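Visitor: For the sequence shown, our numbering gives the first residue as 571, with consecutive numbering after it.
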Amino acid sequence: MEFFAEIKNNKLSINNLKTRLTIEQLPILCHSIDRVILDNQINGIIYCIWGEYVINREDLEYGIRFTLPHCPNSLAWTITCNEDHGDIIIHCTISKKTHEPDFIESIRQFVADWDINPDIS
571 MEFFAEIKNN
581 KLSINNLKTR
591 LTIEQLPILC
601 HSIDRVILDN
611 QINGIIYCIW
621 GEYVINREDL
631 EYGIRFTLPH
641 CPNSLAWTIT
651 CNEDHGDIII
661 HCTISKKTHE
671 PDFIESIRQF
681 VADWDINPDI
691 S
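#1: Please classify glutamate 628: does DSSP put it in a helix, a strand, or coil?
#2: Just to confirm, is the Cβ distance from isoleucine 593 to arginine 627 under 7 Å?
#3: In three-state DSSP terms, what is isoleucine 674?
#4: Do isoleucine 634 and lysine 588 count as a contact pair if the criterion is CB distance below 7 Å?
#5: Between which two residues does the alpha helix (DSSP H) harbouring threonine 663 extend?
#6: Which class does threonine 637 belong to by DSSP, given the choice of helix, strand or coil?
#7: Can you have a look at asparagine 579 and say buried or exposed, based on whether 16 or more other CB atoms are within 10 angstroms of its CB?
#8: Output needed for isoleucine 615: all residues of its chain with C-beta closer than 8 Å, excluding positions within five of it in sequence on either side, in chain order.
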């Protein structure tokens, strides 16, 4: 399944977006992520609405991909900006075609909970 959100942006460059999207900053940027337990920059451990998970961070051409490698649903999300000062896209996926309605709603909320304010450098 796939879930999307879009954040209007005309100020934040791709490099600034990538710099902002660190594991350490996740609880500030997403209300569904409560805290960072461990941050090794490219991986770590977070506590979020679904519990405690190992997280990986991967640099992409136009943004960052985060994965929860031990999640039974293979949850992953990318946050990208296809051009400097272009709109920011949050794209979240799980490895199932269908799921329980409550879980689907929690993913929708997770995607909506991102607060990447382009006006703050």
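Beta carbons: idealized from backbone N, C-alpha and C, even for Gly. If you're wondering where the values come from, they're calculated on a predicted model, not measured in any experiment.
Guide: This is what the structure holds:
#1: The three-state secondary structure of glutamate 628, taken from DSSP, is strand.
#2: Taking 7 Å as the Cβ cut-off, isoleucine 593 and arginine 627 qualify as a contacting pair.
#3: Residue state, collapsed to three classes: helix.
#4: Yes.
#5: That residue, threonine 663, is in no alpha helix (DSSP H); its beta strand (DSSP E) goes 658-663.
#6: Under the three-state reduction of DSSP, threonine 637 is assigned to strand.
#7: The residue is buried, with at least 16 neighbouring Cβ atoms inside 10 Å.
#8: Taken in chain order, the residues that qualify are Val606, Ile607, Leu608, Glu622, Tyr623, Val624, Ile625.
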